[in-house]
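K.L.:
Quick note, the numbering used here runs 177 ahead of the 1-based positions in the sequence shown.
Think of the CB as a built atom: it goes at the ideal place given N, C-alpha and C, for glycine as much as any other residue.
Quick one: the structure is below, questions incoming.
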Amino acid sequence: MFDKILIANRGEIACRVIRSARKMGVKTVAVYSDADKNAMHVKMADEAWHLGPAPAKESYLKAELIIDIAKKSGAKAVHPGYGFLSENTAFAKACEENHIVFIGPPASAIDAMGSKSAAKDIMKKADVPLVPGYHGDHQEADYLKTQAYGIGYPVLIKATAGGGGKGMRIVESHDDFDEALSSCKREALSSFGSDEVLIEKYLTKPRHVEIQVFADSQSNAVHLFERDCSVQRRHQKVIEEAPAPGMTEELRNSMGQVAINAAKAIGYQGAGTVEFLLDEDGSFYFMEMNTRLQVEHPVTEMITGQDLVEWQLRVANGEPLPCSQDELLINGHAFEARVYAEDPDNDFLPSTGRLNHLATPSTHRHVRIDTGIEQNDEVSVHYDPMIAKLIVWDKDRASALARLRGALSEYQVVGLKTNLDFLFQLASHDGFNNADLDTNFIARFQDELFVEKPAINDQVISVAALYTMLKQQDYGNHHTADLADPYSPWDKVDGWRLNEDNFHRVTFVDNNSKLEYLTTVHFRDSAFLVEQENGEHLISGELSENQLRVNLEGERFTATVIEKDHLLSLFIKGHEFQLELKQEGLSADDTDANANLTAPMPGTIISVAVDAGDKVEAGQPILVMEAMKMEHTIKAPADGIVTELFYQTGDLVDEGAELVLFEAE
Ligand code: ADP
178 MFDKILIANR GEIACRVIRS ARKMGVKTVA VYSDADKNAM HVKMADEAWH LGPAPAKESY
238 LKAELIIDIA KKSGAKAVHP GYGFLSENTA FAKACEENHI VFIGPPASAI DAMGSKSAAK
298 DIMKKADVPL VPGYHGDHQE ADYLKTQAYG IGYPVLIKAT AGGGGKGMRI VESHDDFDEA
358 LSSCKREALS SFGSDEVLIE KYLTKPRHVE IQVFADSQSN AVHLFERDCS VQRRHQKVIE
418 EAPAPGMTEE LRNSMGQVAI NAAKAIGYQG AGTVEFLLDE DGSFYFMEMN TRLQVEHPVT
478 EMITGQDLVE WQLRVANGEP LPCSQDELLI NGHAFEARVY AEDPDNDFLP STGRLNHLAT
538 PSTHRHVRID TGIEQNDEVS VHYDPMIAKL IVWDKDRASA LARLRGALSE YQVVGLKTNL
598 DFLFQLASHD GFNNADLDTN FIARFQDELF VEKPAINDQV ISVAALYTML KQQDYGNHHT
658 ADLADPYSPW DKVDGWRLNE DNFHRVTFVD NNSKLEYLTT VHFRDSAFLV EQENGEHLIS
718 GELSENQLRV NLEGERFTAT VIEKDHLLSL FIKGHEFQLE LKQEGLSADD TDANANLTAP
778 MPGTIISVAV DAGDKVEAGQ PILVMEAMKM EHTIKAPADG IVTELFYQTG DLVDEGAELV
838 LFEAE
């Protein structure tokens, strides 16, 4: 086995490869861009070498530099992962020329599958079924249009160099053909540098079913069954599963055999995926072959108990395949959900930013997380916005799906938009439960999948109020503990006032609806009575870090609250809610003209709204201070005059410090 390999990739796939290499006693060399200098893959590898600036062109796509690093570091082989240089013939060749093993197929096999139309030619000769269509050299618009007519509408125009769901146009009728063709060619030219296209029959309700194949240098080839990747958005996979629901043994064997034939037709070695469209009547058609490890390979690993990266390393090292076809068996069912930093409500637009908070479900035999991102990492514009792959396994589809829902509801991300709620919605949908799958699944159930978030209700507000009070008490207790008499009621910040009902006003704002929720929280022994517009609720609990144990009128549950810049992200019963906190400091009575204008806690003055000598009305803001990352507006307790100001913007003040001299009228 190789002593040391270089991983020419980043993120979860680099980490995934490192894990298997380590298990096999193989040392690893990571490479990284400026943006990734503290990334997980860099920390995990035995050594890490710098490539260049963040853009992939200047880092992860620098083939020569990567080969140079492989030589200098003494790596005997390069694992390209997926994306970047994984299907780059020139890179595979360059590795060969430099006597570095490329952990992938021979350059000739990558080349053969690089063009969708050339691949179809080869497959046709190997008797692999193709979708009816035209994939020849003639590229004149009129010629293509005649072909489309012959195939019968709807047709799909595809860029032959396309990939990643780009460069495709569905054409419904003859009249629409010209425009679709020119727009497809434009996109193909700008995205792939070639405007060559092919035309094929557009299947209206197909499933995307792909076969994992593996071949070694001794002409052995096996398949590791199928994956169903029908749930797609913009022709990109969202949730994948293995085995494919409803698959018969007969169909599995015949698709598996065809996939092996396809691999053999191009002298394949290593891991590959043959993608098929499976039509409603059970006919299946070759779509393309991906000559690398697929993103969704974990579901195959979960049902076969094999480590596909280990297989890749062994095959690249010239060893025979670890198993024969007869030794491979399907056990149970697995799903993979791709957790993305993106906004499903805005056409799945990628979202960028820092993961201020990340909590993941615990991993074990049933739940696996493949990721390259930790809390406080940033998802940048430079790379794929995938946060993680959440993989679950169980004995059958229904149990695995229940695991998926459970794990998704425990997944928490704060700091950027994610598709977590959308994934949960998918995993909970009846159509998905019943495996009523096809590649239009998401579009077909649009209305049910893109539901509004659950509305803010009394429960959410009560929990937010409880959190705010406990946080403050915790803070207050820490501070009073330092004082001379920790039991003196005068030093307490729990709202205690002589002869007054102790209460605290807190306002929460839902920034989506712009609705304001005004609460008055009364202190009641070891609980709080939260008064809201619609009624009042008795709530108590304990706060430890950001975990809140709640008892809301007898109902007990846990919640997580993450606070950042006055914004509370509350995770309650699997749903996330956001509320902005507006707090007005402790007060015994708003109309108490003699109340001291003092700092409710130590903090910073962030603005002063009046000048000394100004006449103010009751409730008019005098200054704003910030404490515990919360803003407190100090308001005039009555009509009167601010005769003196003791602090200016930027000043630090102690708890209890007199802020202004105020004379009530
Ligand atoms: P890419 O290389 O960009 O991933 P593919 O050729 O693999 O493109 O197709 C991506 C997806 O587009 C498929 O998974 C399927 O959903 C859809 N698709 C491709 N060809 C057809 C077709 N002939 N009929 C219907 N849908 C298709």
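Which residue comes first and which comes last in the beta strand (DSSP E) that contains Q825?
P.N.:
Taken as a continuous stretch (DSSP letters only), Q825 belongs to no beta strand (DSSP E), as it is neither H nor E.
K.L.:
Would you please state the rounded distance, in angstroms, between the beta carbons of M345 and H412? I believe it to be under 8 Å.
P.N.:
6 Å
K.L.:
Please confirm whether V374 and A318 have their CB atoms less than 8 Å apart.
P.N.:
no
K.L.:
Does Y379 pass the burial test, meaning 16 or more other C-beta atoms within 10 Å, or should it be called exposed?
P.N.:
buried
K.L.:
When burial is assigned at 16 or more other CB atoms within 10 Å of the CB, is L498 buried or exposed?
P.N.:
buried
K.L.:
With DSSP as the reference, please indicate the residues paired to F261 in a beta bridge.
P.N.:
Its beta-bridge partners do not exist; DSSP assigns none.
K.L.:
Quick check on E740: does DSSP put it in helix, strand or coil?
P.N.:
strand
K.L.:
Look at P282 and G459 and say whether their C-beta atoms are less than 8 Å apart.
P.N.:
no
K.L.:
Using the Cα positions of K630 and K741, report the straight-line distance between them to the nearest angstrom.
P.N.:
21 Å
K.L.:
Rank I619, V591, L593, T595 by C-alpha distance to the C-alpha of L603 and give the top, closest one.
P.N.:
I619
K.L.:
Determine which residues share a DSSP beta bridge with E403 and list them.
P.N.:
I388
K.L.:
Let me know the secondary structure DSSP gives W673 once reduced to three states.
P.N.:
Because the pLDDT of W673 is 47, which lies under 50, any placement of that residue in the model is unreliable, and the number read from its coordinates should be weighed accordingly. Note: W673 maps to coil in three-state DSSP.
K.L.:
Give a single yes or no on whether L454 has its beta carbon closer than 7 Å to a heavy atom of the ligand ADP.
P.N.:
yes
K.L.:
Tell me the rounded alpha-carbon separation between D213 and V801.
P.N.:
39 Å
K.L.:
Counting beta carbon pairs with one atom in the stretch 702-714 and one in the stretch 638-645, are three or more of them shorter than 8 Å?
P.N.:
yes
K.L.:
CB of K335 to nearest heavy atom of the ligand ADP: below 7 Å?
P.N.:
yes
K.L.:
Measuring alpha carbon to alpha carbon, tell me which of H743, E840, T810 ends up nearest D791.
P.N.:
E840
K.L.:
Identify whether L838 lies in helix, strand or coil by the three-state DSSP scheme.
P.N.:
strand
K.L.:
Just to confirm before moving on: does the CB-CB distance between K270 and A247 stay below 8 Å?
P.N.:
no
K.L.:
Between C272, D288, F734, which has its C-alpha nearest E264's C-alpha?
P.N.:
D288
K.L.:
Quick check: the Cα distance between V415 and A296, rounded to an integer number of angstroms?
P.N.:
Distance from the CA atom of V415 to the CA atom of A296, rounded to whole angstroms, is 26 Å.
K.L.:
Looking at the secondary structure, which residues open and close the alpha helix (DSSP H) in which E427 lies?
P.N.:
426-442
K.L.:
Taking all protein chains shown into account, decide if H351 is buried (16 or more other Cβ within 10 angstroms of its Cβ) or exposed.
P.N.:
exposed
K.L.:
With a 10 Å radius around its C-beta and 16 neighbouring C-beta atoms as the bar for buried, classify Q589 as buried or exposed.
P.N.:
buried
K.L.:
Quick one: what does DSSP say E124 is sitting in, helix, strand or coil?
P.N.:
Since the displayed the chain opens at 178 and closes at 842, residue 124 lies outside it and no answer follows.
K.L.:
Would you check if there are 3 or more beta carbon pairs closer than 8 Å linking the stretch 575-587 to the stretch 250-266?
P.N.:
no
K.L.:
Can you round the beta-carbon distance between V830 and I799 to whole angstroms, since I take them to be within the 8 Å contact cut?
P.N.:
That belief does not hold up - the Cβ atoms of V830 and I799 are roughly 13 Å apart, past 8 Å.
K.L.:
Comparing alpha-carbon positions, which option in R193, S407, I443 lies nearest T305?
P.N.:
Rather than Thr, the amino acid found at residue 305 in this sequence is Val. Checked all of R193, S407, I443; the closest Cα to V305 is I443.
K.L.:
Report yes if the C-beta distance between I328 and L358 is below 8 Å; otherwise report no.
P.N.:
No, the Cβ-Cβ distance between I328 and L358 is not below 8 Å.
K.L.:
If we ignore side chains and look at the alpha-carbon of each, how far apart do G751 and V516 end up?
P.N.:
16 Å
K.L.:
Under the three-state reduction of DSSP, which class applies to N533: helix, strand or coil?
P.N.:
coil
K.L.:
Can you list, in chain order, the residues of its chain with a C-beta nearer than 6 Å to that of Q471? Leave out the 5 residues immediately preceding and following it.
P.N.:
Hits under 6 Å: T450.
K.L.:
Does any heavy atom of the ligand ADP sit closer than 7 Å to the C-beta of G340?
P.N.:
yes
K.L.:
So R697 is in the beta strand (DSSP E); what residue range does that whole segment cover?
P.N.:
It should be noted that the sequence gives Thr, not Arg, for residue 697. It spans 692-701 - the beta strand (DSSP E) in which T697 sits, taken as one unbroken run.
K.L.:
Starting from S359, trace the alpha helix (DSSP H) both ways and give me its first and last residue.
P.N.:
Here the alpha helix (DSSP H) through S359 covers 354-369.
K.L.:
Drop a sphere of 10 angstroms on the beta-carbon of P562, count the other beta-carbons inside from all chains shown, and report buried for 16 or more, exposed for fewer.
P.N.:
buried
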